[in-house]
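Notes to accompany the following structure.
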Amino acid sequence: MAKKRQRSVLSDEPVELDMTPMIDIVFQMILFFVIITDFTQKDIALLKLPWSTVGIEDEGQDEKRLIINITAPKLLNDKPGNESQYSKILIRGQEYNFMELQTFLEANGRGNP
């Protein structure tokens with residue numbers, strides 16, 4: 057004769073879930089997104105500015121505000137022996153040469169003192 061399966065009797069004990077794998081996966085996802093996220097601001101270069109004891113706090117960015125970054129020639133290329141003799145000019149993350157910079161400033165400088 058075939059044996060009949062017995063249904064398990066529901067108990068009053070609470071079911072406990074092991075949250076360790078879930079915590080591990082969440083931690084790995086956070087670590088993954090932190091590593092792949094680009095925290096750089098393409099508009100502002102990393103600069104070493106002089107320290108001031110008397111200064112005015114910047115009140116915020118104006119839409120007409122123009123930031124021009126000029127890098128040192130040694131920072132242009134990290135391959136040894138292939139350094140450029142020219143500086144890099146960046147405006148809003150886009151590279152300009154001196155002639156393009158002059159044209160850009162003439163076009164955007166009108167009406168913006």
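Residue 105 in this note's numbering sits at position 49 of the sequence shown, and the numbers go up by one each step. The beta-carbon is built from N, C-alpha and C at its ideal position, and this holds for glycine as well.
For residue 146, the enclosing beta strand (DSSP E) covers residues 145-147. Taking residue 104 as reference, the option from 122, 128 and 90 with the minimal CA-CA separation is 128. For residue 81, there is no enclosing beta strand (DSSP E); the enclosing alpha helix (DSSP H) covers residues 76-92.
Per DSSP, reduced to three states, the secondary structure at residue 162 is helical. In the three-state reduction of the DSSP assignment, residue 115 falls in the coil class.
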